[in-house]
Amino acid sequence: MKYEHKKIEPKWQQAWEEKGVFHAENNSEKEKFFALIEFPYPSGQGLHVGHPRPYTALDTVSRKRRLEGYNVLYPIGWDAFGLPTENFAIKNHVHPEVVTKNNIARFKKQIQSLGISFDWSREINTTDPDYYKWTQWIFLQLFKHGLAYKKEMSVNWCTSCKCVLANEEVVNGVCERCQSEVVRKVKSQWMLKITEYADRLIDDLALVDYPDRVKAQQINWIGRSTGAEVNFKTTFGEDLLVYTTRPDTLFGATYMVISPEHPFVEKYADKIENIDEVRAYQVESSKKSDFERTEMNKDKTGVKLLGVSAINPVNGREIPIYISDYVLISYGTGAIMAVPAHDTRDWEFAKKFDIEIIEVVKGGKDVNEEAFTDCATGVLVNSDFLNGLSVEDAKKKIIEYLTEKGIGHEKVNYKLRDWVFSRQRYWGEPIPIVKCDDCGYVAIDESELPLKLPMVESYEPTDNGESPLANMTDWVETTCPKCGKKAYRETDTMPQWAGSSWYYLRYTDPHNDKALASEEALKYWNNVDWYNGGMEHTTLHLLYSRFWHKFLYDIGVVPTKEPYSKRTSHGMILGENGEKMSKSRGNVVNPDDIINEYGADTLRLYEMFIGDFEKAAPWSPKSIKGCRRFLERYYNLQTIVTDGNFIRPELEKEFHKTIKKVSDDIENIKFNTAIASLMSLINSIYATEKITKEELRIFSLLLNPFAPHITEEIWSVCSLGDGLVAEASWPKYDESKCVEDTVEIVAQVNGKIKAKLLIPADCDNETAISLAKSDAKVTEAINGMNIVKEIYVKGKLVNIVVKP
RNA sequence: GCCGGUGUGUCGGAAUUGGCAGACGAGACAGACUCAAAAUCUGUUGUCAGCAAUGGCGUGUGGGUUCGAGUCCCACCACCGGCACCA
């Protein structure tokens with residue numbers, strides 16, 4: 000009996016599609032289950048074997064859920080705006096729309112050959128005007144609520160993409176996408192106030208089931224810290240406000256540092272005695288890219304401002320002011336009080352510039368040797384009314400004091416910055432705003448949405464930092480929706496993250512032209528029950544979409560505070576050599592080749608069997624053969640099947656245990672051990688040289704979520720029912736049949752194994768111990784010794800501790 | 001530097017959360033079938049000693065707790081991911 004996957008797989012894929020068995024219903028009495036994978040960017044390269052891993056994983060869960068009677072929504076779509084498409088279009092003189100269409104067609108064909116149970120009737124595409132109409136609509140709501148604003152600011156500029164980047168898109172000082180140098184550039188940009196949601200983005204993590212590493216990474220990225228702002232007077236009369244997380248060390252502040260960009264310098268340029276030297280330093284540090292600034296962070300530089308000093312508000316002490324690029328203008332107040340005794344960076348700076356180091360927290364080593372930064376153990380000294388207090392108590396007391404005297408107050412700061420939302424490129428959603436000389440930035444009327452991308456001659460980015468749309472005079476020139484005068488359209492487009500920030504909502508009602516989705520659909524399907532995606536999106540897409548969802552909650556569009564109830568993350572599939580799969584490394588494996596040689600079921604099974612789902616695993620062209628062999632052995636069960644509407648007694652326990660194991664393992668994303676248990680079971684079945692129909696039915700159901708085509712085929716060939724996915728239900732196990740009547744236990748003496756024996760599972764302590772002692776080997780080992788202790792661990796072992 | 005994680009045969013990886021380490025798969029070796037090969041089937045396969053029964057050693061390193069540690073505690077090493085002059 001030959002297993003011909005090429006005949007079986009397309010046949011069943013077609014049958015499922017024709018019957019629409021994977022279509023989710025919007026008005027259903029059934030309990031819903033919403034499974035989501037990160038929709039792919041349809042690149043020109045097509046799929047590699049890494050793509051199917053998350054798709055298959057949630058397909059396994061979804062197929063199990065359907066068999067359990069749920070109304071399952073497992074959708075897919077295309078995140079199709081983006082630079083690679085645009086760059087390809089420029090290079091080959093094809094419109095990005097055409098490139099996108101072709102890429103999607105290819106991706107779709109590849110994905111469909113995997114037999115994933117996606118509901119293709121809900122397919123979406125972020126570049127479809129009917130879709131991006133609602134992306135633009137959400138932007139307008141953000142704008143109307145003051146959360147989208149335009150600001151002149153220093154931004155990250157990718158020299159190759161000729162486009163600004165969000166902070167999240169800059170990795171090690173280079174562009175996340177093309178690895179080119181990123182420089183600072185002052186530009187007017189659309190910004191989204193994600194910082195307004197910083198606290199909720201942290202606090203509401205308590206409401207969701209995400210892996211700890213994801214939560215930790217988001218919390219880190221948002222970087223909330225609680226400290227105090229303290230006002231220092233200066234001899235110029237103007238005060239300088241500093242931010243510190245260690246207000247308790249205020250008595251140890253021996254100098255102050257302001258960042259090179261701090262406005263104080265310009266304001267008092269004529270009074271600063273060494274202004275030329277200061278200016279030279281400003282120029283020097285402005286030339287450094289962020290990357291260089293980070294690279295050189297070991298070596299502190301700076302210039303002392305001559306002719307001015309600051310006054311420590313708690314002891315009236317005059318301290319010098321420096322400018323140095325180790326203080327950032329974009330965090331806190333751009334100025335710090337420096338306490339070299341208790342801050343490593345201040346300590347390094349003080350050593351280099353020979354500034355006094357005053358110990359105010361005792362408990363560490365000599366502060367002239369190293370800074371003592373531990374907050375848990377120290378006790379305050381040299382600090383007047385704070386002396387003798389712990390760091391924590393001192394913080395409270397000094398904040399009370401500062402507040403009372405009106406010279407400071409408690410303050411929370413975040414590392415998170417607002418989201419730079421405009422891109423100077425063509426292939427993105429137009430920002431639906433016009434600029435009027437009289438009225439400023441004005442939203443276009445919602446009835447004009449979607450604001451479609453105009454056809455242009457050239458989508459080449461311009462060197463002057465303007466979007467390609469800027470040359471489209473006809474399109475750019477318009478009238479102000481408010482006053483009717485001549486006005487100009489915004490020519491920047493939205494970043495790729497826009498369309499993906501809300502796509503999961505569109506799946507619930509993808510063809511709605513009145514709203515992004517109907518209220519009923521949103522109410523029924525929210526939240527996404529299980530969302531699987533890559534770790535690389537933790538501080539990008541995942542954070543952005545949580546932000547948008549919270550905003551939509553605030554304006555009453557969605558009924559829940561969080562978009563995703565549960566998040567899991569898959570490990571990467573690496574090349575055979577253990578390196579990341581990439582074209583340039585030449586280690587890419589194309590799923591088409593695997594499907595051709597072994598079939599989709601083998602590919603799916605191997606992707607789930609390859610290792611721990613959450614960890615990276617190298618592709619092995621040899622190991623996959625084991626999965627193919629297993630499926631062939633399963634296929635050949637049809638040659639030994641016998642009538643029988645029962646599980647044979649000798650296999651009953653193993654069957655029940657396997658049902659339990661597979662059921663639990665799928666829920667706990669332990670697909671590899673679920674498959675291993677099925678392999679063990681088939682080995683046991685072959686040892687008996689036959690299988691009953693009932694046994695084959697159960698086995699097929701358990702295997703179906705992993706290998707849907709072959710199981711459907713066997714279901715049909717062996718007449719197990721009308722159609723597996725159409726009518727069957729997930730097998731149940733009997734807990735009482737999962738436990739053995741007799742168990743094999745180990746008899747140890749002093750922890751060394753002496754014998755193995757079979758005893759009744761419900762055996763009590765004394766019986767078990769005496770049974771063990773009656774074993775010849777055990778008797779010999781304890782002969783003539785004093786028994787100190789006797790231990791029986793139920794169903795596991797007996798240990799007898801003896802001494803001479 | 002900070003945060004998170006990992007370390008187990010030749011390889012991918014298991015281990016009911018403190019109870020027989022190495023499930024399952026790959027690879028290798030041997031045998032069966034075959035003129036032969038592939039495929040398939042059967043067996044062996046952590047390591048050292050021994051003809052053997054058997055015994056010693058063994059989960060990155062060093063200590064500890066325990067009748068018992070891959071699992072818990074302390075210290076360290078290596079690697080991976082994230083953040084990084086964030087006051």
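Going by numbering that gives the first Met the number 0, 489 is the number at position 490 of the first sequence; the sequence numbering is gapless. We put the beta carbon where it would ideally sit given N, CA and C, even for glycine. Source: prediction; values computed, not measured.
Rounded Cβ spacing between residue i and residue j (contact assumed at less than 8 Å)
i    : j    : result
W729 : L700 : 6 Å
Q217 : T559 : In fact, because the Cβ distance is near 18 Å, the residues do not count as touching under 8 Å.
F38  : G76  : 5 Å
P460 : Q135 : Their Cβ separation, rounded to whole angstroms, is 22 Å, which puts P460 and Q135 out of contact at 8 Å.
A340 : A370 : 6 Å
A88  : Y458 : 6 Å
K751 : E651 : No, K751 and E651 are not in contact; Cβ-Cβ is about 35 Å, not under 8 Å.
I221 : L379 : Contact flag wrong, Cβ pair sits at about 30 Å.
For residue i, the nearest candidate out of the options (CA to CA)
i    : options                   : result
C177 : A104, K161, E122 and E265 : K161
S544 : W529, P562 and I554       : P562
Y131 : N782, K451 and D324       : K451
N26  : A780, Y523, P707 and D721 : Y523
K481 : M493, P509 and V433       : V433
V256 : I271, S323 and L305       : S323
V777 : L573, G750 and A746       : A746
D491 : L249, V173, E428 and K396 : E428
E96  : E734, N311 and A79        : A79
V792 : G783, W15 and E743        : E743
R488 : G498, A497 and T477       : T477
T126 : R416, K410 and Y502       : Y502
6 Å CB neighbourhood of residue i in its chain, flanking five on each side removed
i    : result
S285 : none
G533 : none
D802 : Strictly speaking, residue 802 in this sequence is Lys, with Asp absent from that position. Contacts found: N785 and V787.
L604 : C626, F705 and A706
W346 : P339 and A370
V587 : H47 and M580
P128 : P449 and K451
Residue i in three-state terms, based on DSSP
i    : result
W77  : strand
R416 : coil
G306 : strand
E175 : coil
G498 : helix
R223 : coil
E151 : strand
C626 : helix
A256 : The question names Ala, but residue 256 in the sequence shown is Val. Reduced to three states, the DSSP call for V256 is strand.
V792 : strand
I322 : strand
E489 : coil
W156 : strand
I799 : strand
T472 : helix
I228 : The identity of residue 228 in the sequence shown is Glu, whereas the question assumes Ile. E228 falls in the strand class under three-state DSSP.
Neighbourhood of residue i by C-beta, 8 Å cutoff - its chain only, sequence neighbours within 5 removed
i    : result
K731 : I658
G720 : R696, W714, E726 and A727
A599 : H4, E8, S112, L113, G114 and H708
Check whether residue i and residue j have beta carbons under 7 Å apart
i    : j    : result
Y242 : G301 : no
A514 : F142 : no
W11  : E711 : yes
S116 : Y73  : yes
A252 : M336 : yes
L46  : Q111 : no
I804 : N230 : The question about residue 804 has no answer here: the residues shown for the chain are numbered 0 through 803.
Q495 : G464 : no
L57  : A34  : yes
F420 : L146 : no
E688 : F645 : no
R64  : F21  : no
R628 : I681 : no
Y196 : F546 : yes
Contact set for residue i: own chain, Cβ-Cβ below 7 Å, skip 5 residues either direction
i    : result
G610 : A616 and N671
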